[in-house]
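Quick note on numbering: the sequence shown equals residues 1 to 143 in full-length UniProt numbering. Just so you know, even glycine gets a beta-carbon here, dropped at the ideal spot from N, CA and C. Since this is a predicted model, take the numbers as computed values, not measurements.
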Amino acid sequence: MGRQRRKRQHKDKTTSKVKSTKRRTKDLDQIYSEIQAGKVTTPLDLDLPGSGQFICVHCARYFIDENSMKDHFKTKLHKKRYIDFLSHNNHHQLADKVTSELVMKNLSVEPYGGPEQDGQIKVDNGPKLNRNLEVKEEDNDQV
């Protein structure tokens, strides 16, 4: 049996590049300039998903209905894009506030006090150390 032919690995390179440039999202400065110009609301367009009525302005995406748009608002990609949008436009204080609110909302973790702080359990590793020393001394006596 002869050697098998190597796979052709270069053929997908150009198609992936074409797809990535075709589906490229708008840059943050383009979105910001559209918001400043007041182009946020769109007229009824049957070519767009949901007739162009359900749009996420920060991500420049159209959705079929309001439920899918609300689901998008909960995703990590939207939250990252929203924070990038705020920080890109020199709203650092507002971005810090939004990020801290998101972190505190999602990661509301109470510090574990445990029974050690209440005084119920006292940690003492002394006897364990002494037991180990006694075992070592007995081993030395046998030799």
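Given a cut-off of 7 Å on the beta-carbon distance, is the pair Gly52 and Ile64 in contact? no
Determine the burial state of Phe73: buried for a count of at least 16 other Cβ atoms within 10 Å of its Cβ, exposed for fewer. Its Cβ having fewer than 16 others within 10 Å, Phe73 is exposed.
With 16 other CB atoms within 10 Å as the buried threshold, where does Leu46 fall? exposed
Can you give me the C-alpha to C-alpha distance between Lys13 and Thr21, rounded to a whole angstrom? 13 Å
Just the C-alpha distance for Glu66 and Cys56, rounded to the nearest angstrom, thanks. 11 Å
To which residues of the same chain is Asp84 closer than 8 Å at the C-beta, ignoring the five residues directly before and after it? Leu28
Go to Gln36, then tell me how far its alpha helix (DSSP H) extends in each direction, as first and last residue. 28-37
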